[in-house]
Structures are given as C-alpha cells and as structure tokens.
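> Residue numbers (the numbering used here): 13 to 99.
1) Assuming residue 63 contacts residue 46 (C-beta within less than 8 Å), just tell me the rounded distance between them.
2) Take residue 22 and list the residues in its own chain whose beta-carbon comes closer than 6 Å to its own, dropping the five residues that flank it on each side.
3) Is it the case that the Cβ atoms of residue 26 and residue 73 are separated by a distance below 8 Å?
4) What is the residue span of the beta strand (DSSP E) that residue 93 lies within?
5) What is the residue span of the alpha helix (DSSP H) that residue 34 lies within?
6) How long is the line joining the alpha carbons of residue 24 and residue 61, rounded to whole angstroms?
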C-alpha cells in the first residue's frame, strides 16, 4: 500500500495527450451548450460563447493538469478551472 503523501510517478506522454484531448472536447461541448441557449435563434445573428475556462475532467489526476500548465498548454483561471494556453 502506498501512503497519500508518497510521490506519484510523473504523468506519461500518453496520459498528457489523452487529458488535453478530453479537456478540449469538454470545453468545446460546454461552449456549444452555452451558445444554444434560448434567445439565440437560428435566424438571429447569434452570439459567441463567453466560456473560456472549465473544470478539468476528473478521470485524470491533478499531476497531469499541473504538468500541462507547466508546459504552457493550459493556464490556471482560478477556482480550480483551467483555460487553453497560447498556441
């Protein structure tokens, strides 16, 4: 058994890619959901989604999100939320 304070192995490249893909998919779906609100009809000029940050998917450990922030692929937005880093 390992204690909760034991150092975890660093996330693998495969884990980082899967986590970033899951994050982008969740962000896209959240933005689409925000844009489909009542009052934005198909014949109106529409509006852009104001969603820029989301909570990351819970199936990945915090170490994965910390590493993606360190690499600049994500940015912390506060209150446990993240946004995409600069491309």
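Heads up, the beta-carbon is just placed ideally off N, CA and C, and yes, glycines get one too.
All of these numbers come straight from a predicted model, not from anything done at the bench.
Considering the structure as presented:
1) 5 Å
2) none
3) no
4) 93-96
5) 25-47
6) 33 Å
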